[in-house]
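The numbering of the sequence shown is the numbering used here, which starts it at 1 and goes up by one. Comments concern the structure below.
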Amino acid sequence: MRYRLDRKGASVAIVLAQNDTIVNDAGATPLPPIDIAAEQRGRRVDGKTISTPLHASELNEEKLYTARPTASDTAQLLTQAPGVGLYEAGGVSRLPSLRGLADDRIKILLGGGEVTSACANHMNPPLSYIDPNNVGKIEVLSGVTPVSKGGDSIAGTIIVEPKAPVFAGQPVSTPQGLSPWKGDKLIASGTISAFWRSTNNGISISGTANAATDHFSLLYNGGYTRGTDYHAGGNGPKVLSTGFISENHSATLAYQNDGHLFTLQGGYQNIPYQGFVNQRMDMTGNRAFSVNGGYKGAFEWGKLEANAYWRHVAHEMGFLYDKQPSAMPMNTSGTDYGYSLRAEIPLTPTDLLRIGNEFHGNHLNDWWPPIAGSMMMGPNTFWNINGGQRDRVGTHAEWEAKWTPQWSTLLGVRNDVVWMDTGEAQAYDSRDPIPVMMGMMMMGMANPDAAAAARFNARDHRRTDVNFDMTAMVRYQPDEESSYELGYSRKTRSPNLYERYAFGVGGMASSMNGWFGDANGYVGNVDLKPEVAHTVSFTAAWRDPGQDWEVKASPYFSYVENFIDADRIGGFTDLNGSWFPILQFRNHKAELYGFDLSGRAKVYEALEIGRFDLSGVIGYVYGENLDRGDGLYHIMPLNARFTLEHRLGGWSSAAEVQAVDSKTHVSVARQEWKTPSYTLVNLRSGYDFGTVRFDVGITNLGDVRYFSPLGGFNFAQYMKTSVPGSVPGPGRTFYAGVTVRF
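Here it is as structure tokens:
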């Protein structure tokens with residue numbers, strides 16, 4: 001008996017060497033796999049165990065293909081999943097939200113590693129480091145999430161897997177009739193894609209190339225995308241500070257043998273600029289280097305996975321030409337590093353144990369160089385975060401049991417210990433007040449940041465959080481047509497470095513900290529406690545055994561202790577004459593509740609005209625700060641998306657309607673803008689020849705002028721006109737794309 005990776009390279013199987021063999025398209029002779037107990041035990045009709053909750057969404061290659069032509073940002077691929085919203089930000093830097101909880105509250109794993117936003121405005125979030133055309137699969141888990149799939153988060157987990165290398169000894173994913181080039185022991189395959197979008201003259205070019213033998217594989221993934229400022233709907237004006245350029249490259253070397261897979265990946269990103277319409281600053285540079293090593297193996301006792309990663313980011317902020325001419329450099333240097341170890345051990349044919357340990361370290365420097373001749377921004381360097389350090393060690397254990405063919409359970413516990421510290425803060429000027437000559441008189445200009453730095457430096461910055469999580473789930477599947485799942489989780493998240501250590505209290509300094517797109521000022525709080533979310537969810541799924549229709553309904557409720565919200569501690573009036581609050585991060589009690597409803601059904605099918613399918617997603621969430629009776633910030637109102645799709649041979653076409661209700665329940669403390677309801681119509685069509693695929697489409701067919709509930713404050717336009725308002729969405733957009741496979 002020997003071991004090998006299965007055809008997808010995602011799990012490990014035991015095979016019998018003496019079994020009969022067949023020859024695949026790549027000229028290899030894979031042996032028929034026999035799954036170990038960990039793979040076979042407790043499967044549902046759709047092949048998933050309870051460790052993947054019913055409400056989870058998986059975006060496979062087919063779903064990604066239809067979304068890529070319109071996506072410059074990997075986060076945009078997520079909108080197909082129920083419960084997902086997007087904070088508008090830069091062209092490749094949107095922040096995902098799961099059931100009303102966003103950004104750092106979500107555990108995002110990119111190729112097995114963790115990425116921390118190295119920016120006071122979170123301009124470089126995790127999903128910005130991979131081109132959407134180089135994503136292989138995405139798994140989205142909202143709310144109740146198994147402890148084995150992430151800690152230090154309260155919203156859920158998003159797992160992004162890049163396109164994986166293939167080997168000569170496994171089938172290559174190519175269209176029928178298309179075989180990869182192959183020598184005696186070498187195969188080569190790849191893709192090239194190009195897309196164009198009209199509203200911002202957007203262009204995306206990406207490609208993959210893979211060369212492999214039975215045991216070695218070398219894969220290249222690369223992507224380049226750019227866009228100018230887009231135009232608003234309703235024949236609206238250009239939306240300033242929305243242009244961008246981004247390129248990502250990675251190379252992966254892999255080795256497999258006898259059920260063991262080793263991978264080593266190196267990556268590079270360069271973003272020379274990226275506008276942020278709802279921020280006071282823009283990105284003027286972002287360069288990142290990364291290394292990621294992984295191992296997957298099968299043993300007689302079970303499976304083992306190991307991963308180690310390192311990423312360094314050099315980030316710069318300033319002003320692009322359409323925001324303001326003056327310079328104000330802000331620099332950030334961030335490093336992520338860590339490892340993870342996970343094991344699956346079948347205890348019995350019906351019991352599975354998962355155990356794991358992981359470490360994630362993050363080091364951050366955030367400094368603002370002085371500006372020569374400026375009274376307010378000099379003579380010293382402003383140290384916003386000076387040697388910030390956030391280290392976390394997590395350990396989990398999870399027991400999955402199949403009690404009967406109908407009943408299964410999952411019980412997991414987790415401990416995460418977080419250590420945080422930072423060095424001394426420094427304002428531009430240590431004097432308060434700053435002496436200023438006004439005519440013939442010496443006057444004093446208030447400098448609250450100097451006093452704030454002194455108070456901050458007088459305190460001990462070291463903090464240790466000992467966090468405990470647990471998840472309990474039970475699933476009942478009486479037959480092939482229905483499944484029911486009830487879950488409870490206690491999830492914990494410690495504050496990030498900016499939430500605890502951003503010290504500046506002045507209008508200018510505080511308004512440089514914040515990833516909320518509201519132009520307000522934010523101040524850290526050393527005494528913050530970790531957030532603790534208690535979530536209960538129920539999911540019911542009904543399906544046709546013939547896969548002609550499926551419906552899922554998932555109501556949920558979350559009560560969050562020590563929710564990190566923000567309270568007003570002051571305010572400032574800017575040069576355009578508007579008043580903005582200054583808020584400090586503080587703990588509160590909060591609740592969120594809502595539902596996700598999704599479904600699909602075959603409408604009609606005939607040999608001559610093809611198949612018609614109707615699918616839809618409806619979502620609603622309500623969030624409130626219970627201490628002050630205020631709405632939570634950036635909560636998506638009732639929204640729905642319905643798609644009628646037609647397929648005939650290589651043709652696929654769809655008409656989509658997206659409807660969003662008005663947003664009236666807002667955060668008063670943050671001066672959040674209300675938004676009106678709107679309805680958008682999108683059309684798309686494509687033809688797949690096998691070796692070549694063409695895509696065309698129109699988004700916002702009616703050229704509707706609309707405002708996304710998560711769009712934020714239109715700061716770029718405000719700087720030009722002094723008129724405040726929300727960020728409008730893109731107008732009518734034509735797009736076209738082509739993908740070539742070889």
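Ideal placement from N, C-alpha and C gives every residue a C-beta, glycine not left out.
In this structure V160 touches L127 by the C-beta definition: roughly 7 Å separates them, less than 8 Å.
Using a Cβ distance threshold of 8 Å, T252 and R741 do not count as a contacting pair. In the DSSP annotation of this structure, the continuous segment of the alpha helix (DSSP H) that includes G507 starts and ends at G507 to S511. Burial is judged here by how many other beta carbons sit within 10 angstroms of a residue's own beta carbon; M636 has at least 16 and is buried.
Shown here for P530: same chain residues with a beta carbon closer than 8 Å to its own, the five before and five after excluded, namely V418, D465, N467, T492, R493, S494, P495 and N562 in chain order. In this structure, the straight-line span from the alpha carbon of L218 to that of T691 is close to 22 Å. By the neighbour-count criterion, in which 16 or more other beta carbons inside 10 Å mark a residue as buried, K552 falls on the buried side. Taking the C-beta atoms as reference points, N576 is found no nearer than 8 Å to V277. Ranked by Cα distance from D627, the options H634, K602 and V560 are led by V560. The residues H396, E398, G412, R414, D469 and T471, in chain order, have a CB closer than 6 Å to that of V147 in the same chain once the five nearest residues on each side in sequence are set aside.
In this structure, V474 sits away from T404, with a CB-CB distance that is not shorter than 8 Å. For D479, the enclosing beta strand (DSSP E) stretches over residues R463 to D479.
Residue E605 holds the alpha-carbon nearest to the alpha-carbon of H646 among E605, L341 and G507.
Between the stretch 239-246 and the stretch 220-229, the count of C-beta pairs closer than 8 Å reaches three or more; the two stretches touch.
By the neighbour-count definition (other C-beta atoms within 10 Å, threshold 16), M443 is an exposed residue.
The shortest C-alpha to C-alpha distance from G285 to any of G267, T49, Q274 and G113 is the one to Q274. Distance from K185 to A168 at the Cβ level is roughly 6 Å; contact confirmed, criterion being Cβ atoms closer than 8 Å. Proximity to S554 across D565, Q547, G546 and W542 peaks at W542, based on C-alpha coordinates.
A distance of 8 Å or more separates the beta carbons of D429 and N457.
The DSSP-derived three-state label of Y65 is helix. With a cutoff of 8 Å on beta-carbon distance, L632 and N587 are scored as not near each other. Restricting attention to beta strand (DSSP E) runs no shorter than 3 residues, the stretch 303-327 encloses none. Taking each of G571, P545 and A401 in turn and checking the Cα distance to T49, the smallest one comes out for A401. DSSP places D391 in the strand class (E or B) of the three-state scheme. The alpha-carbon of Y484 is positioned some 10 Å away from that of H55. Here the C-alpha atom of T79 lies approximately 27 Å from the C-alpha atom of S290.
Contact annotation, D695 with G737: C-beta distance approximately 4 Å; criterion of less than 8 Å satisfied. Remark: C-beta atoms of N200 and G223 do not approach each other more closely than 8 Å.
Each residue's CA atom was taken as its position, placing S510 and L101 some 23 Å apart. The continuous alpha helix (DSSP H) containing Y501 extends over residues L497 to Y501.
DSSP places A251 in the uninterrupted beta strand (DSSP E) bounded by F244 to N257. Restricted to the stretch 685-709, the beta strand (DSSP E) segments that are unbroken, complete and at least 3 residues in length are 692-699, listed in chain order. The C-alpha of R342 is placed about 54 Å away from the C-alpha of V723. Burial state of T664 is exposed, judged by a 10 Å Cβ sphere holding fewer than 16 other Cβ atoms. Between E88 and G517, the C-beta gap is smaller than 8 Å, which places the two residues in contact. When the beta-carbon positions are compared, G297 and G259 come within less than 8 Å of each other.
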